[in-house]
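Q: Have a look at this one.
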Amino acid sequence: TFGIFVAASVTDGLRQLAQVARRLAQGNLSARAAVSGRDEVAQVAQSFNVMAAQLEETARQREELEAMRRDLVAWVSHDLRTPLTSIRALVEALSDGVVTDPETVQRYYRTIRADVLSLNTLINDLFELAQFDAGLVLEKSPYSLGDLISDALESFRGLSMVKNVEIVGSVGADVDPVLLNAPKLGRVLSNLLGNAVKYTPAGGRVEVSAARVGAWVRVTVADSGPGFLAADLPRVFEKFYRGEQARSRATGGAGLGLALACRIVEAHDGRIWAENRAEGGALVGFELPA
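Note that my numbering has the sequence shown beginning at 1057, numbered continuously upward.
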């Protein structure tokens, strides 16, 4: 009688496993075996459930990647199409003689130049990210981080004056020199400072600072803008991620600047982070080996 009971229990367990396997094969990746006990069948069921959970997680990740791919195509297409459409319309207006007023003509030329620069930035960001994905190793040499920060501040001086945003910088006396790739790290500073100026309202302030902290050199870019949504903070350095906050969607962009900054900092054996300031605004910082 006991043998019959054991055989029936094993048979029931195997039957349940077979049913769950069929449900998984039909696409129900949430299916799990409900076999209890400590016998061999229960152990098989537990392993089966682990496998099913891994399959479900893999499928979820693939769905996220596919959704990200669709968003990427939509965003990049939009970010390419918008300036191209603008350029085409302006060039046609100029070539057809629709616009003849010298002041308006110059304004059209300025808009065309800005659109071309926007396209160039997007294409360069995509190219550089592709290089890092392919395993790009940076060549580094001792360089003045203070000079890079000074150059970045100067390049945004005009925009900050137009927006009535104060930009200031400070560099500790013991910071330089730092082993770095100057062009790439210049891109990081440009991206972070550009974001800060862009999202800071008139009358606001952007502060860039560099200081020695133990075995590291810490650089921070702080602004008095809207800051980040808490839900966005863990993902701001992901490629093509754009949160719901006004810091991203309202101003467009394919979500590449912070992702590229992250790749460059990591290629320097450093780390990068983003946070909201207690007094309001956002802070993005990174550390490099001193």
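Virtual Cβ for every residue (Gly too), placed ideally from N, Cα, C.
Specify, as a first and last residue, the run of the alpha helix (DSSP H) that V1161 falls within.
A: Position 105 of the sequence shown, counting from 1, holds the residue named residue 1161. It spans P1158 to D1189 - the alpha helix (DSSP H) in which V1161 sits, taken as one unbroken run.
Q: I'd like the list of long-range same chain contacts for T1057, defined as Cβ closer than 8 angstroms, with 5 residues on each side in sequence excluded.
A: The residue given as residue 1057 occupies position 1 in the sequence shown. Note that T1057 scores 49 on pLDDT, short of 50, meaning its location in the model is unreliable; the coordinates nonetheless yield the value given after this. Same-chain partners within the cutoff: there are none.
Q: For V1244, tell me which candidate among R1268, L1201 and L1285 has the shortest Cα-Cα distance.
A: Against the sequence shown, residue 1244 aligns to sequence position 188. Checking every option, the nearest Cα to that of V1244 belongs to L1201.
Q: Quick one: give me the first and last residue of the beta strand (DSSP E) that R1261 is part of.
A: Translated into the one-based positions of the sequence shown, residue 1261 becomes position 205. First-last of the beta strand (DSSP E) with R1261: R1261 to V1269.
Q: Is the CB-CB distance between L1204 and A1238 below 9 angstroms?
A: Taking the sequence shown and counting its residues from 1, one reaches residue 1204 at position 148. Taking the sequence shown and counting its residues from 1, one reaches residue 1238 at position 182. Yes, the pair counts as a contact, with Cβ atoms nearer than the cut-off.
Q: Kindly indicate the opening and closing residues of the beta strand (DSSP E) around P1198.
A: Numbered from 1 along the sequence shown, position 142 holds the residue referred to as residue 1198. P1198 -> beta strand (DSSP E) spans S1197 to Y1199.
Q: What do you get for T1156, buried or exposed, if any count of 16 or more other CB atoms within 10 angstroms of its CB means buried?
A: Position 100 of the sequence shown, counted from the start, is the residue given in the question as residue 1156. Classification of T1156: exposed, given that the 10 Å Cβ count is below 16.
Q: Can you give me the C-alpha to C-alpha distance between P1257 and N1220, rounded to a whole angstrom?
A: In the sequence shown, the residue the question calls residue 1257 occupies position 201. In the sequence shown, the residue the question calls residue 1220 occupies position 164. Spanning the two alpha carbons is a distance of roughly 8 angstroms.
Q: Taking all protein chains shown into account, decide if F1293 is buried (16 or more other Cβ within 10 angstroms of its Cβ) or exposed.
A: In the sequence shown, the residue the question calls residue 1293 occupies position 237. Buried, since its Cβ has 16 or more Cβ neighbours within 10 Å.
Q: Report, in whole angstroms, the separation of the C-beta atoms of R1327 and E1343, which I expect to be a contact under 8 angstroms.
A: As a first step, residue 1327 is located in the sequence shown; it is residue number 271 there, counting from the start. As a first step, residue 1343 is located in the sequence shown; it is residue number 287 there, counting from the start. Contact flag correct, Cβ pair sits at about 6 angstroms.
Q: Using alpha carbons as the reference points, say which of V1262, A1278 and A1098 lies closest to S1216.
A: One-based indexing of the sequence shown puts residue 1216 at position 160. If we check each option's Cα against that of S1216, V1262 comes out closest.
Q: Say whether the segment 1332-1346 touches the segment 1268-1287, bearing in mind that this needs 3 or more beta-carbon pairs closer than 8 angstroms, one atom from each stretch.
A: Output reads yes: the segment 1268-1287 touches the segment 1332-1346.
Q: Near L1111, which residues of its chain fall below 8 angstroms by C-beta distance, leaving aside the five closest residues on each side in sequence?
A: Working through the sequence shown from its first residue, we reach residue 1111 at position 55. Contacts found: L1080 and L1085.
Q: Thinking C-alpha only, which one of E1331, V1253, Q1187 and W1329 is nearest K1240?
A: What you label residue 1240 is simply residue 184 of the sequence shown in a count that begins at 1. Nearest C-alpha to K1240: Q1187.
Q: Looking only at C-alpha atoms, which of G1341, D1325 and H1324 sits nearest to N1332?
A: Position 276 of the sequence shown, counted from the start, is the residue given in the question as residue 1332. For the residues G1341, D1325 and H1324, the minimum Cα distance to N1332 belongs to G1341.
Q: Take G1242 and list the residues in its own chain whose beta-carbon comes closer than 6 angstroms to its own, dropping the five residues that flank it on each side.
A: As a first step, residue 1242 is located in the sequence shown; it is residue number 186 there, counting from the start. Cβ neighbours of G1242 beyond the five flanking positions: L1204.
Q: If we ignore side chains and look at the alpha-carbon of each, how far apart do V1076 and Y1255 end up?
A: Numbered from 1 along the sequence shown, position 20 holds the residue referred to as residue 1076. Numbered from 1 along the sequence shown, position 199 holds the residue referred to as residue 1255. Near 52 angstroms, if we compare the C-alpha coordinates of Y1255 and V1076.
Q: At the level of alpha carbons, what is the spacing between G1313 and L1339?
A: In the sequence shown, counting from the first residue as 1, residue 1313 sits at position 257. In the sequence shown, counting from the first residue as 1, residue 1339 sits at position 283. Cα-Cα distance, rounded: 15 angstroms.
Q: Which of the three DSSP states, helix, strand or coil, is assigned to N1105?
A: Taking the first residue of the sequence shown as position 1, residue 1105 is located at position 49. Residue state, collapsed to three classes: helix.
Q: Starting from G1214, trace the alpha helix (DSSP H) in both directions and tell me its first and last residue.
A: Here residue 1214 is taken as the residue at index 158 of the sequence shown, counted from 1. Residues R1213 to K1219.
Q: When DSSP labels each residue in this structure, what does N1332 get in the three-state scheme?
A: Your numbering for residue 1332 matches position 276 in the sequence shown. Residue state, collapsed to three classes: strand.
Q: Use the C-beta contact count for D1181: other C-beta atoms within 10 angstroms, 16 or more gives buried, fewer gives exposed.
A: By 1-based counting over the sequence shown, the position of residue 1181 is 125. D1181 comes out buried.
Q: Just to confirm, is the Cβ distance from G1283 to G1337 under 9 angstroms?
A: Walking along the sequence shown from the start, residue 1283 turns up at place 227. Walking along the sequence shown from the start, residue 1337 turns up at place 281. Yes, Cβ-Cβ distance for G1283 and G1337 is below 9 angstroms.
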